[in-house]
Amino acid sequence: MFRLRNSALAVLLAGYCLAQSSSQYVTPEIRRVGDKLACLCGACKNTVATCQMLECHYSLPARQRIAKMQKEGAADAVIVDDFVKREGKKALAEPPNEGFGIMALATPVLAIGAGLALIGWFLRRYRKPNAVPVMTDEEVQKYQDQIDKEFSKLD
Amino acid sequence: MENIGALAILLSFCLSIFAIVASLVGAWKKKPFLIVSAERAVICVWSLVTLASGLLIYALMVGDYRLAYVAAHSNKAMPMIYKFSAWWGGQEGSLLMWNFILATYALVVILQNRRKHREIMPYVTTTMMVTQAFFLMLIAFLVPPFQVLSTGGKAIVDVGDGQGLNPLLQYWTMVIHPPTLYLGYVGYIVPFAFALGSLITRQPGDSWIFTTRRWAIVTWLFQSTGILLGAGWAYSVLGWGGYWGWDPVENASFLPWLTSTAFLHSVTMQEKKGMMKVWNLVLVAATFFLCIFGTFLTRSGIVSSVHAFAQSPIGPYFVAFLTVTIAITILLILSRLDYLKSEAPLESVVSRESSFLFNNLILLASCFAILWGTLFPVISEAIAGEKISVDAPWFNRVNVPIGLALLFLTGVGPLLAWRRSTPDNLKRNFMWPTIGFVATVAILMGFGISHFYALLSLGLCTFVTWTIVSEFFKGTMAIRQKDGLSFVPAVIELTHRNTRRYGGYIVHMGIVMMFIGFSGAAFNKDTTVEVKVGDKFPLGRYEIKVSDIKMGQNENYIWQNAIVEATVDGKPFATLTPERRIYEKSQQPVSMVAIKRQLNEDLYINFAGMGSESQLPTIQAYVFPLVTWIWAGYWVLLFGSLICLVPAKIKMQYARTEVVGVSTKNVPATK
Amino acid sequence: MTIAIAALLVLGVLIYTLIVRPGSLPEPEPVSPFRHVDEAKARIYENLRDLQFELRLGKLSDEDYARTKLDLQKELAKVLSDAEKLKAELGVQTSVKAAKPKVAPEHVCPHCGKKFKEAMKFCGSCGKPMEADA
């Protein structure tokens, strides 16, 4: 029985390992292009260059494709365009600076701007350099003793 | 048994509805009977949810494989601890746990306030029970945990053994990560409920803040712990060496953390000066709703994520619940703006107060940016008709500058005086920290480091550390002078006097250490190789050699590992054994990476299996500088937060005015 | 069996929830109408104390200290006059229970006069026995 299970183990490991391929390794050239492309495996937010799942069903073929196109002499932009043509804009790791993609970076920047404006409004609205409660000096004097007495007890 | 469990859930759902109605009517008609009855209903809800949870845990433990949930998330081979953690391993069970935690919080609040806050308690009960009723509805009708397996007709099927918990989750941090995060997620309901209660009843003063201060800190601590446990788990289990991937669900847990951090800061403004009342209410509400939103994001499947539970029909209900409750909250705040009027003006732009404003701005900007980035693919698909990816590079591009700005403010805040800081003040407080900043940057540049953000970050770390240390040092010296204590007792005395301030500084120190750790990411090195057993390959200052490959099995999984020896300058440095497992039941492969942790850098080795063509071991090796600082920073953060919870020595020993008799003047009708 | 347990459960819950005897109604803690005034006062004293401490730390210029202290005192006076107004409005007499700062009893060395927080057998400064101080 044990031997049987053991051989099952060997088969399993071998079968699993078949999924591996030596072309998965990321050369600096592949990384340069892969960093601009999103891994679309659905489980990570990495780029094709940084996805570390060796057996990733998206990044692995993508890298092979980049390598192949580079061998054929394609420029980076051409490779990226090719991916966009095949997968749509979602192939890009970051939203493109065109069309609706501009909104991706613009909105947070606008939000910070709006926040600063809000703080500006708040400061203007509530800033009163010398405004303390409407108390005349005599009134303060009236309570001065009590204040001093209570405060000395605290410290 | 499953029937009892289902009944308990149904019954507690009814009781939570009863509690809402009874509280509201009781408060409206001034009937203490109804209010007490509602509170008892809450106690019953807790008992019943506990009963249901107990039954489910029991079923998981003994392996009652007639239940769909047990069959899907447990199996015989799993160790007991993972059978227990299967309670929150799936959609139904984790919602039950959500309910359990919420009911427990509600119970504690009810018991704590039997005689206190009678005026606002009905509304506190209502707020908590509305949420409870919603979550109970989910498990009572939509995703029932006590479903039995059956074959089309009536026959109940016992499948004999289950699928087992996802092997990735069979790791110790995963046993505590979800519960901690839930404790944090759910906990913000308490400050929120008290805030709403005092808003509705127009309580004078800020008592809800004092009442819920500890809750807020404890919950925040749970949130932080949960997030960091998740990061630690990702780092040591997922095999890609990252601790944060900007995954939608990670983001979802981070969003309420950001708003609650903002709340913890801006609440001091209200405590000290009675300012920012509307804002604090907005923050506490936002935190609560973001917690619910995070739960929604995890469970509805609207964004794809490693964490997401299987698609389920509960999404639209969450949207409805959020819409209604947010609308009610906004209406309540708007209708009581007069009550929330600020008590004090702002004296100067250069002051501690305005540093809090900027701190809030930055935390919320980060929160908004992350939320925006997380939802952008969905939004772009809805508006522009095309899905646009927003991945890690984008999040880093946006959040790294924001984070550094925050770090800067962490240093600046304590240096500014309340109300106003004249240039003279600024000069005497900022000179030395700034010199520290410049010196650090210069030294690092001398070592040949040119990464802009890393330089800035490490420089700022010195800046902030300097301010914190000098706060402690100066304070200690002042105490020594006055009380004649020696150094260590003086530090303790100083901290004890104002635990929240000095505890807060310690938390800041923990955050600084984390930033040191984050900065290390700029210098990561990695390589992936196929090597023969006995061959060497270089990485950084290490020479790495695979000296042996072994394999074996146990009843849960089969394993294969590589014995990896690393040397530095020819001297043995460490022997690591990364392992690869394939779980029998799920046939899912899992890497058990091996990490040599050090203060300066981690050597991180993943054994990826045998190459298909070469049949050679494939090794992924990484060097992660400074990562240990992140985890060390957590312990400092924990320590600091615990100090914040210690009652301050001289706080609140104020004079109390007591009514001793009626004056001789005409007595007007009491309000 | 299941039905019996279920029935028992429902019944128990109903009885516990619905039957509230007058005796089990909680007696609410008395809340002083002056509580928020007291809190406001405590807050300002706290600020004053902080201010003084920061001055001692050398974090404040004298000018800032003086101005902020004056502001705080004025605010305090305002709160105190508010309290008096409230008192008149409610038509009650009040007594202020003074704060009891929990300062540990000080132990003074009878020989050299140095003060210590804890009771000690021998003076930490001059080393002579401190028994007499008990």
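Chains as they are written, first to last, in this note's numbering: chain A, 1 to 155; chain B, 156 to 826; chain C, 827 to 960. Even for Gly, the Cβ is constructed at its ideal location relative to N, Cα and C.
Check whether the Cβ atoms of residue 575(B) and residue 890(C) lie closer than 8 Å to each other. The residue you call residue 575(B) lines up with position 420 of the second sequence. The residue you call residue 890(C) lines up with position 64 of the third sequence. Annotated as proximal: residue 575(B) and residue 890(C), with beta-carbon spacing under 8 Å.
Give me, in chain order, the residues of the same chain whose beta-carbon lies closer than 7 Å to that of residue 938(C); leave out the 5 immediate sequence neighbours on both sides. As a first step, residue 938(C) is located in the third sequence; it is residue number 112 there, counting from the start. Here the set comprises 949, 951, 952.
With contact counted as at least three CB pairs below 8 Å, one residue from each stretch, are the region 105-117 of chain A and the region 513-525 of chain B in contact? yes
With 8 Å set as the bound, which would you pick, yes or no: does the beta-carbon of residue 38(A) sit closer than that to a beta-carbon of chain B? Within the first sequence, numbered from 1, the residue matching residue 38(A) stands at position 38. Interface residue, yes.
Are the beta-carbon atoms of residue 832(C) and residue 159(B) separated by less than 8 Å? Start at 1 with the first residue of the third sequence, and residue 832(C) comes out as number 6. Start at 1 with the first residue of the second sequence, and residue 159(B) comes out as number 4. Yes, the pair counts as a contact, with Cβ atoms nearer than the cut-off.
Could you work out which residues of chain A lie near residue 541(B), taking near to mean beta carbons separated by less than 8 Å? The count along the second sequence starts at 1 and reaches residue 541(B) at position 386. Per Cβ cutoff of 8 Å: 88, 89, 90, 100.
Would the region 522-530 of chain B and the region 394-407 of chain B be scored as touching if the rule is three or more Cβ pairs under 8 Å? yes
Residue 219(B), buried or exposed, once every other Cβ within 10 Å from all chains shown has been counted against 16: Mapped onto the second sequence, residue 219(B) falls at position 64. Burial call: buried.
Just the C-alpha distance for residue 804(B) and residue 655(B), rounded to the nearest angstrom, thanks. Position 649 of the second sequence, counting from 1, holds the residue named residue 804(B). Position 500 of the second sequence, counting from 1, holds the residue named residue 655(B). Those two C-alpha atoms are separated by around 11 Å.
Quick check on residue 929(C): buried or exposed, where buried means 16 or more other Cβ atoms within 10 Å of its Cβ? As a position in the third sequence, residue 929(C) is number 103, starting the count at 1. In this prediction, residue 929(C) has a pLDDT of 47, which is less than 50 and means its spatial position is unreliable; what the coordinates show is noted afterwards. So residue 929(C) ends up on the exposed side.
Are the Cβ atoms of residue 762(B) and residue 716(B) separated by less than 8 Å? Locating residue 762(B) in the second sequence gives position 607, where the first residue counts as 1. Locating residue 716(B) in the second sequence gives position 561, where the first residue counts as 1. Yes, they are a contact pair.
CB contact check: residue 126(A) to chain C, cutoff 8 Å: Sequence index remark: in the first sequence, residue 126(A) carries index 126 (1-based). So no, residue 126(A) is outside the interface.
Kindly provide the ranges of any alpha helix (DSSP H) runs that are 4 or more residues long and lie completely inside the region 878-911 of chain C, ordered along the chain. none
For the alpha helix (DSSP H) containing residue 775(B), list its first residue and its last residue. Stepping through the second sequence from its first residue, residue 775(B) is reached at position 620. Taken as a continuous stretch (DSSP letters only), residue 775(B) belongs to no alpha helix (DSSP H), being part of the beta strand (DSSP E) at 772-780.
Enumerate, from N- to C-terminal direction, the unbroken alpha helix (DSSP H) stretches of 4 or more residues contained entirely within the region 651-725 of chain B. 654-675
Can you give me the C-alpha to C-alpha distance between residue 931(C) and residue 481(B), rounded to a whole angstrom? In the third sequence, counting from the first residue as 1, residue 931(C) sits at position 105. In the second sequence, counting from the first residue as 1, residue 481(B) sits at position 326. Unreliable placement is indicated for residue 931(C), whose pLDDT of 49 sits below 50; no coordinate value is reported for it.
Once DSSP output is grouped into helix, strand and coil, what is the label at residue 547(B)? Walking along the second sequence from the start, residue 547(B) turns up at place 392. Residue 547(B) falls in the helix class under three-state DSSP.
Are the C-beta atoms of residue 369(B) and some chain C residue less than 8 Å apart? As a working mapping, residue 369(B) is identified with position 214 in the second sequence. It does not; no Cβ of chain C falls within 8 Å.
Within the region 518-597 of chain B, note down every full alpha helix (DSSP H) run reaching 4 residues or more, in order along the chain. 547-567
Does DSSP put residue 730(B) in a helix, a strand or coil? Within the second sequence, the letter at position 575 stands for residue 730(B). Three-state DSSP puts residue 730(B) in a strand.
Would residue 211(B) pass as a contact of residue 469(B) if the rule is Cβ separation under 8 Å? Counted from its first residue, the second sequence places residue 211(B) at position 56. Counted from its first residue, the second sequence places residue 469(B) at position 314. Taking 8 Å as the Cβ cut-off, residue 211(B) and residue 469(B) do not qualify as a contacting pair.
Report buried or exposed for residue 828(C), applying the criterion of at least 16 other Cβ atoms within 10 angstroms of its Cβ. Walking along the third sequence from the start, residue 828(C) turns up at place 2. Looking at its Cβ environment, which holds fewer than 16 other Cβ atoms inside 10 Å, residue 828(C) is exposed.
How long is the line joining the alpha carbons of residue 495(B) and residue 331(B), rounded to whole angstroms? Stepping through the second sequence from its first residue, residue 495(B) is reached at position 340. Stepping through the second sequence from its first residue, residue 331(B) is reached at position 176. Here the C-alpha atom of residue 495(B) lies approximately 40 Å from the C-alpha atom of residue 331(B).
Is there a C-beta anywhere in chain B that falls below 8 Å from the one on residue 862(C)? Numbered from its first residue, the third sequence carries residue 862(C) at position 36. By this cut-off, residue 862(C) is an interface position.
Please report whether the beta-carbon of residue 84(A) lies at a distance below 8 Å from any beta-carbon of chain C. For the purposes of this step, residue 84(A) is taken as residue 84 along the first sequence, with counting starting at 1. So, not an interface residue.
Report the residues of the region 869-883 of chain C with a CB closer than 9 Å to any CB of chain B, ordered along the chain. 869, 871, 872, 873, 875, 876, 877, 879, 880, 882, 883
Any Cβ of chain B within less than 8 Å of the Cβ of residue 887(C)? Residue numbering aside, residue 887(C) sits at position 61 when the third sequence is read from its first letter. So yes, residue 887(C) belongs to the interface.
Can you tell me which of the three DSSP states residue 35(A) falls into? Start at 1 with the first residue of the first sequence, and residue 35(A) comes out as number 35. It is coil, neither helix nor strand.
Against chain C, with Cβ distances strictly below 8 Å, would residue 143(A) count as a contact? If you number the first sequence from 1, residue 143(A) lands on position 143. For residue 143(A), the answer is yes, since a Cβ of chain C falls inside 8 Å of its Cβ.
What are the start and end residues of the beta strand (DSSP E) that includes residue 837(C)? By 1-based counting over the third sequence, the position of residue 837(C) is 11. Note, residue 837(C): premise wrong, no beta strand (DSSP E); alpha helix (DSSP H) at 828-844.
To be precise: take each residue of the region 534-562 of chain B, compare its Cβ to all Cβ atoms of chain A, and keep it if any distance is under 7 Å. Which residues remain? 535, 538, 539, 541, 542, 543, 544, 545, 546, 547, 548, 549, 553
Using 8 Å as the threshold, is the C-beta distance between residue 286(B) and residue 257(B) below it? Taking the second sequence and counting its residues from 1, one reaches residue 286(B) at position 131. Taking the second sequence and counting its residues from 1, one reaches residue 257(B) at position 102. Closer than 8 Å, so yes.
Is the region 495-511 of chain B touching the region 391-402 of chain B in the sense that three or more CB pairs, one from each, lie closer than 8 Å? no
Express the C-alpha separation of residue 241(B) and residue 260(B) in angstroms, rounding to a whole number. Position 105 of the second sequence, counting from 1, holds the residue named residue 260(B). Position 86 of the second sequence, counting from 1, holds the residue named residue 241(B). Each residue's Cα considered, the two are about 22 Å apart.
Please go through the same chain and pick out, in chain order, the residues whose beta-carbon is closer than 6 Å to the beta-carbon of residue 164(B), but skip the five residues on each side of it. Position 9 of the second sequence, counted from the start, is the residue given in the question as residue 164(B). Close CB contacts of residue 164(B) within its chain, under the 6 Å cut and outside five residues either way in sequence, are with 207, 294, 295 (chain order).
Here's the rule I'm using: 16 or more other beta-carbon atoms within 10 Å means buried, otherwise exposed. How should residue 580(B) be labelled? For this step, residue 580(B) is matched to residue 425 along the second sequence. The residue is buried, with at least 16 neighbouring Cβ atoms inside 10 Å.
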